[in-house]
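Please read the structure below before turning to the comments.
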Amino acid sequence: MIFKRKVYDKLKQWRSISCGKSAVLIEGARRIGKSTIVEEFAKNEYDDYMILDFAKEGRDIKNNFAENMDNLDVFFRNLFLLKGRSLKGSHCVIIFDEVQLFPLARQAIKYLVADGRYDYMETGSLISIRKNVRDILIPSEEYRIRMFPMDFEEYLWAVGDDITADVIRDAFTARRPLGDAIHRKIMNVFRTYMAIGGMPQAVEAYVSGMTYEQIDFIKRNILDLYEEDLKKYDDENNEKASVIFKTIPEQLENKNSHFRFSLIEKNARYRSYVEAVSFLSESMIGNECINVTQPEISLESYADRSNFKLYLGDTGLLVTQMMRNSDETGTDLYKSLIFDRLGINQGMIVENMVAQMLRALGHELYFHEYMYQPKDSVSEKKYEIDFITVKKRKICPIEVKSSGYTSHKSFDYLIEKYQLKMEDRYIIYTKDLKFENGIMYIPLYMTMCI
């Protein structure tokens, strides 16, 4: 089943602007649909295409890269001979699939693009990991696109809904509530999306009418694949990344979701695990959210990376990961989430979902923790802004509520403490949109509009 994905339009833009002067690299976590969308693009937009899947290609194909880059006529003659076919037409593309498994092919892009005979598309996971770029020259002729799990709009397209996303955007732009009936309907759909997640295999299973047990089985297999990948690529760190990965649900169950190394090992310290945390973030399996010590528009300049939260890249996978240590059956947990009867675990799922949606929109993830003494208090207290980003060169704080609760002391004290000029303030919650006292209260699904 081929789903409509937004990255397709980004590929069209690349081809139009590049005019053959660069290759495109689609990077992202495993099983998010990179290979599928690239092949679909090649089928629709080119006269012919060829796939080199470096998870499957033999030694002869790889030796051709090592031996014949200085003579591309020989390189292509041997390539076509080994593949048993040539490329026909004036506009053809060669796909390097799973290129992280053969970095030498990625280095060859410089010469292949300069040659100009064909276009080139690459897909890969763990592209930036040190061992996958060691001893090669990263080509400057590479246009990189990050791809994430299916977002809510892509999920709506998959279930045959081409209307709802535009309705959401129109209401957000106009700051107009949708009304109870429409809001409840969209929230029910969104809860199902949270439970299933954005992995194309899981969405396909849902669209095909499979049971939640069957959908969960698919997601468990993906989690197992991630754990195997982490162990395979993380041997230099004694499998620290795979250990961290397994503890993500437990970490998010903390009161404020802050990552605690004591949950991994009694005497564990940030310095010992910093590379493993970066590994998970760079692999795009996890979404790292960093504390900033000052709410300034140059957020990265104030990043305190020793104080962070770590979310799972796909919320549907988090739901499945949670069930591995749960007494509830799969069906019970799915029903509880979809019908808003989950209770204590709902907050972590909602917060993970907001983090996932913000990342898909291109936002880096930061939060702000600060001390403040309110006028009616005898001492300072700690407050926190769940997410903080920048819009139109102004700070944009975001609070996440897993219910219809609308308290916003952390917003109020933030303004009092720093005297900030803000573009927008958002409270993301479960009720319909409202705009009140300079704060935009938006339902969870409208995170896609920030």
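Residue numbers for the sequence shown follow the numbering used here, beginning at 131 and rising by one. From the three backbone atoms N, C-alpha and C, an ideal C-beta is built for every residue, glycine too.
{"query": "Delimiting residues of the beta strand (DSSP E) encompassing P425", "result": "No beta strand (DSSP E) contains P425, which DSSP labels as neither H nor E."}
{"query": "Inter-residue spacing [alpha-carbon to alpha-carbon] between F226 and D249", "result": "11 Å"}
{"query": "Whole-number beta carbon distance between R390 and N384, since they are thought to touch under 8 Å", "result": "6 Å"}
{"query": "Three-state secondary structure assigned by DSSP to P504", "result": "coil"}
{"query": "Within 7 Å, strictly: CB atoms of I352 and M324", "result": "no"}
{"query": "Per-residue burial, D200 [other beta carbons within 10 Å of its own, 16 or more giving buried]", "result": "exposed"}
{"query": "Among H538, K136, K151, S540, the one whose alpha carbon lies nearest that of P269", "result": "K151"}
{"query": "Sheet register partners of C526 (DSSP bridge)", "result": "T519"}
{"query": "Simplified DSSP state of F565, which is helix, strand or coil", "result": "strand"}
{"query": "Neighbour flag for E481 against chain B, beta carbons, 7 Å", "result": "In the displayed structure, chain B is absent; only one protein chain is listed."}
{"query": "Run of the alpha helix (DSSP H) containing I545, from where it starts to where it stops", "result": "539 to 548"}
{"query": "Reduced DSSP category for A235 - H, G, I as helix; E, B as strand; rest coil", "result": "helix"}
{"query": "Reduced DSSP category for D281 - H, G, I as helix; E, B as strand; rest coil", "result": "coil"}
{"query": "Limits of the beta strand (DSSP E) - the one that I225 falls within", "result": "222 to 227"}
{"query": "Run of the beta strand (DSSP E) containing T377, from where it starts to where it stops", "result": "Counting along the chain, T377 falls outside any beta strand (DSSP E), though it belongs to the alpha helix (DSSP H) covering 370 to 382."}
{"query": "Separation of D139 from D554, as counted between CA atoms", "result": "29 Å"}
{"query": "Alpha-carbon spacing of E529 relative to F302, whole angstroms", "result": "17 Å"}
{"query": "Reduced DSSP category for I580 - H, G, I as helix; E, B as strand; rest coil", "result": "coil"}
{"query": "D444 - DSSP class collapsed to helix/strand/coil", "result": "coil"}
{"query": "C-beta atoms of K551 and K512 nearer than 7 Å", "result": "no"}
{"query": "Supposed contact pair Y559 and Y571 - C-beta distance, whole angstroms, cut 8 Å", "result": "6 Å"}
{"query": "Given 8 Å, three or more beta-carbon pairs between the segment 281 to 288 and the segment 312 to 327", "result": "yes"}
{"query": "Straight-line gap, R489 to N417 (C-alpha atoms, nearest Å)", "result": "8 Å"}
{"query": "Given E187 as reference, the closest of N174, L544, F232, Y241 once Cα atoms are compared", "result": "F232"}
{"query": "Coarse secondary structure for I293, derived from DSSP in three states", "result": "coil"}
{"query": "E157 vs R276 beta-carbon contact at 7 Å", "result": "yes"}
{"query": "Beta carbon of Y400 nearer than 7 Å to that of S372", "result": "no"}
{"query": "Close-in-space but distant-in-sequence residues of the same chain around G163 (CB under 6 Å, 5 per side omitted)", "result": "P330"}
{"query": "Contact check, D444 vs G254, beta carbons under 7 Å", "result": "no"}
{"query": "Collapsed DSSP secondary structure at R274 in the structure displayed", "result": "strand"}
{"query": "Proximity to T450 [Cα-Cα], best of Y464, T166, K213", "result": "Y464"}
{"query": "Proximity to A332 [Cα-Cα], best of K361, R306, V289, A304", "result": "V289"}
{"query": "Alpha-carbon to alpha-carbon, D183 and A159", "result": "17 Å"}
{"query": "Nearest-angstrom Cα separation, counted from R454 out to I378", "result": "12 Å"}
{"query": "Residue burial classification, F409 (beta-carbon count within 10 angstroms, cutoff 16)", "result": "buried"}
{"query": "Environment of I132 [buried if 16+ CB atoms lie within 10 Å]", "result": "exposed"}
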